[in-house]
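This is how it looks when you write it as structure tokens:
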């Protein structure tokens, strides 16, 4: 089994100025392709430190993926460091030059000087072209270790990593033994309940419990079959708690079901402050099914925009199952959507009373004339409570839509 | 100067199932306190690999901060690994036991068995108690290196890290030489324009250009003074482009100014889908100033909720400066807020026409009777365009509020 180390390069990473999302992206892709990631290392734009990190990595892994340090500035040192460490001269790549020219056609000519170094790659390296930018990537072999250098811009890196993984798959096709993994996401079932039924590693994030399954087989095809069977088994055991695998999210599952059932949705939010609408509108093409969102933070907004009866708020308070239900019903009626969602609660840290503590949230989903209202008590920070509430609301909508597909 | 390495422990990290936000948090805190972070390493729940990572780290850094692996399960191996690697026996800590008992008072008694190992710490270690959970942290010294082990749950880790940094500051108070850094965030000015005026490292994220300044001095107080002076200098050069330092965000700056000016706000969003409302409502206490948000995704919603004239949409299209302005004016009027914001655009990947490409966004801000409308052309993914648009809108509001404070 190939072992790997990911090295993310950039002073902004080691100083903590940015969260490194490249490492987890690459780790997931490698793991899915049966490569075992042992370490992730981050190091600043410093030749000496990068050399030492590369040396350590090449002693303990068969595959090193680096990101960053391929830009046009003086701080971009990956090319030179690889060249010095492994004693391979840098040579210009003609095709890379054409790529960069095409990319820069609309830029000011003075800007282009810096990009000249971006065509330089170690002699004999496999060139990985960049369709989305000017940083050329490459892969070299040193002893038993393949070293792949990619840029740090996520969009550029991601498509270039896929290109490399195709090369990798081709190279390792004939090898015996393949380990693949898959993430299966669930919601609405506790981690413990999942673990009671399934012997696998689990992970919890904003209420989502993810089961990670792993299969080793002689061939890739066989490993995929084992994973398919295991996934099927988990889906049977956990039922509709399973909402997706891999990159799928609660919002993408809801969007897919809205499309499948041809239903429209409208959302009235108080404590989540627009987060549910924001999540749903991250999905391309949602505009056909998502009609409107109302962030009715003030009571006035609840009364004016949504026509929630003032007496209801006075009698039960803005944070109550009655008001959540009225918000869902009113936004549904207002928009003529098929589904209405209402969320009201106390995200904290202030606003709590003895009867209504921080984390108390009411979520209502109305489909046709049938309403479901959930009383939830979440723990954590203001942002945790917003996230738990938004995910719970999306999951309630998902389950309603599944019921709907079963009736059809 | 103290050099540091951060080791984040967890199979879920190396497999890419979660994005490791602890490493960047710790790196930022250490850097602010004058500690130079050289490497960040992530490693799975594996004693052998963790030992090798700890050994390498203790050879190249004076301070190691680990997170994760202090839980109650068999996979939590940090305590045992430290004990074996440095040959220090684990002993129970009485005070930790009391802490855990208090924390678990409402839990089922059967659950408590696993927590017994969480009171075990290396003999002679400095104990770092956990106010928010059951994982006890500790710090040991090995040769020239301090090794600090904290849990992986961010909220628990963060307050325990602060406790340790107080111990660290006390220990290093008398030492000569202190290096501190500070992040100064700007918006609305290009990276190049910033770099032309200020010689410092910059970083760009969702349109925010951050300047990182650094000061070395004999004492901490002196270093702080140098940073204050440098910050003052940058503020003078870049003016109102500077919106905050450190943890401050565009939304926290807007919230602070709304409070200062005692102004209320209402937001009508189309392509940003609720992101501006979501960002603003992440700030505690915003409910006094943020009245309502409307996510008017469909034309019908723009007409019905906001009373945007139908003829305007027909004549100029939903994505136009006229409609953005009408959205801002209408939501302001609807809610009786002092400030109205309207955003309409094409987030992509679909929905573009020849005249109106993906990334074309109109943002309007209306204060009293004065409207400002900006035509923007953003590049990137759907989510990039949402983020750029939201930040641009928040910044326009911020600048209006600053003008307002100057008039007062």
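Protein chains in written order, with the numbering used here: chain A, 9 to 416; chain B, 9 to 416.
All C-beta atoms in this analysis are idealised placements derived from N, C-alpha and C, irrespective of residue type, glycine included.
Same chain only: Cβ atoms within 6 Å of residue i, ignoring 5 sequence neighbours per side
i: residue 117 of chain B; result: With a pLDDT of only 48 at residue 117 of chain B, under the threshold of 50, the placement of this residue in the model should not be trusted; the figure read from the coordinates follows. Taken in chain order, the list of residues that qualify is empty.
i: residue 94 of chain A; result: 150
i: residue 99 of chain A; result: 131
i: residue 163 of chain A; result: 140
i: residue 52 of chain A; result: 19 and 22
i: residue 401 of chain A; result: 284, 349, 351 and 371
i: residue 282 of chain A; result: 303
Sequence-distant residues of its chain with Cβ nearer than 7 Å to residue i (five each side left out)
i: residue 315 of chain A; result: 338
i: residue 157 of chain A; result: 74, 78, 86, 90, 145 and 146
i: residue 108 of chain A; result: 123, 126, 127 and 142
i: residue 404 of chain B; result: 371, 373, 380 and 382
i: residue 208 of chain B; result: 219, 220 and 221
i: residue 269 of chain B; result: 409, 412 and 413
Whole-angstrom distance between residue j and residue i, CA atom to CA atom
i: residue 345 of chain A; j: residue 385 of chain A; result: 28 Å
i: residue 317 of chain B; j: residue 325 of chain B; result: 11 Å
i: residue 353 of chain B; j: residue 396 of chain A; result: 29 Å
i: residue 14 of chain A; j: residue 43 of chain A; result: 12 Å
i: residue 68 of chain A; j: residue 143 of chain B; result: 31 Å
i: residue 398 of chain A; j: residue 368 of chain A; result: 13 Å
i: residue 437 of chain A; j: residue 413 of chain A; result: Residue 437 of chain A lies beyond the residue range present for chain A, which begins at 9 and ends at 416; the question has no answer from this structure.
i: residue 242 of chain B; j: residue 210 of chain B; result: 13 Å
i: residue 119 of chain B; j: residue 348 of chain B; result: In this predicted model, residue 119 of chain B has a pLDDT of only 49, less than 50, meaning its place in the structure is not dependable; the value taken from the coordinates is given anyway. Going by the C-alpha atoms only, they are around 52 Å apart.
i: residue 417 of chain B; j: residue 244 of chain B; result: What is shown of chain B runs 9 to 416, which leaves residue 417 of chain B out entirely.
i: residue 235 of chain A; j: residue 28 of chain A; result: 29 Å
i: residue 214 of chain B; j: residue 193 of chain B; result: 12 Å
i: residue 391 of chain A; j: residue 287 of chain B; result: 10 Å
i: residue 161 of chain A; j: residue 217 of chain A; result: 30 Å
i: residue 134 of chain B; j: residue 230 of chain B; result: 30 Å
i: residue 36 of chain B; j: residue 101 of chain B; result: 31 Å
i: residue 406 of chain A; j: residue 92 of chain A; result: 55 Å
i: residue 233 of chain B; j: residue 257 of chain A; result: 48 Å
i: residue 239 of chain B; j: residue 171 of chain B; result: 28 Å
i: residue 292 of chain A; j: residue 389 of chain B; result: 10 Å
i: residue 249 of chain B; j: residue 335 of chain A; result: 40 Å
i: residue 376 of chain B; j: residue 357 of chain A; result: 32 Å
i: residue 30 of chain B; j: residue 16 of chain B; result: 8 Å
i: residue 33 of chain A; j: residue 313 of chain A; result: 42 Å
Where residue i meets chain A, residues with beta-carbon distance less than 8 Å
i: residue 302 of chain B; result: 300, 301, 302, 303 and 313
i: residue 47 of chain B; result: 22, 49, 50, 51, 57 and 61
i: residue 389 of chain B; result: 163
i: residue 321 of chain B; result: In chain order: nothing, as chain A lies at least about 15 Å away.
Beta-carbon neighbours of residue i, restricted to chain B and to distances below 9 Å
i: residue 308 of chain A; result: 299, 300, 343 and 344
Chain B contact residues for residue i, given Cβ-Cβ distances below 8 Å
i: residue 172 of chain A; result: Within chain B, no residue comes near residue 172 of chain A; the closest Cβ sits about 16 Å away, beyond 8 Å.
i: residue 80 of chain A; result: Going along chain B, no residue has its Cβ under 8 Å from residue 80 of chain A, so there is no contact; the nearest lies around 13 Å.
i: residue 64 of chain A; result: 64
Chain B contact residues for residue i, given Cβ-Cβ distances below 7 Å
i: residue 193 of chain A; result: The premise fails here: residue 193 of chain A is roughly 10 Å from chain B at the closest Cβ pair, so nothing lies under 7 Å.
i: residue 33 of chain A; result: 24
i: residue 196 of chain A; result: Ordered by position in chain B, no residue passes the 7 Å Cβ test against residue 196 of chain A, which lies about 20 Å from the chain.
Sequence-distant residues of its chain with Cβ nearer than 8 Å to residue i (five each side left out)
i: residue 285 of chain A; result: 275, 277, 298, 301 and 303
i: residue 12 of chain B; result: 38, 43, 44, 45, 46, 69, 70, 71, 72 and 73
i: residue 203 of chain A; result: 210
i: residue 329 of chain A; result: 370, 372, 381 and 383
i: residue 159 of chain A; result: 75, 76, 78, 79, 138, 141, 143, 145, 165 and 168
Contacts of residue i in chain A (Cβ-Cβ under 7 Å)
i: residue 285 of chain B; result: 281, 282 and 303
i: residue 293 of chain B; result: 358
i: residue 213 of chain B; result: 26
Residues that residue i contacts on chain A, provided the C-beta gap is smaller than 9 Å
i: residue 220 of chain B; result: 19, 20, 23 and 25
beta-carbon residue i near the ligand HEM non-hydrogen atom, thresh 7 Å
i: residue 77 of chain B; result: Of ligands this structure carries none, so the ligand HEM is not represented either.
Below-8 Å beta-carbon distance, residue i vs any chain D residue
i: residue 190 of chain A; result: The structure shown contains no chain D; the protein chains it does contain are A and B.
Hey, is the region 295 to 311 of chain A in contact with the region 360 to 373 of chain A, meaning 3+ C-beta pairs nearer than 8 Å?
They do not touch, by the three-pair rule.
Runs of beta strand (DSSP E) lying entirely within the region 362 to 413 of chain B, each at least 3 residues, in chain order
Listed in chain order, they are 368 to 375 and 378 to 385.
Can you check the region 290 to 370 of chain B for any beta strand (DSSP E) of at least 3 residues that lies completely inside it and give the ranges in chain order?
If we require 3 residues or more, the beta strand (DSSP E) runs fully inside the region 290 to 370 of chain B come out as 298 to 304 and 347 to 353.
Segments assigned alpha helix (DSSP H), at least 4 residues, entirely inside the region 122 to 209 of chain B:
The qualifying runs are 162 to 179 and 199 to 205.
Give a yes or no on contact between the region 29 to 46 of chain A and the region 176 to 193 of chain A, applying the rule of three or more CB pairs nearer than 8 Å.
Pairwise C-beta distances place the region 29 to 46 of chain A in contact with the region 176 to 193 of chain A, as three or more of them are shorter than 8 Å.
Please specify which runs of the alpha helix (DSSP H), each continuous and at least 4 residues long, are wholly inside the region 196 to 275 of chain A, giving them in chain order.
Taking 4 residues as the minimum length, the alpha helix (DSSP H) runs contained wholly in the region 196 to 275 of chain A are 199 to 205, 228 to 246 and 258 to 269, in order along the chain.
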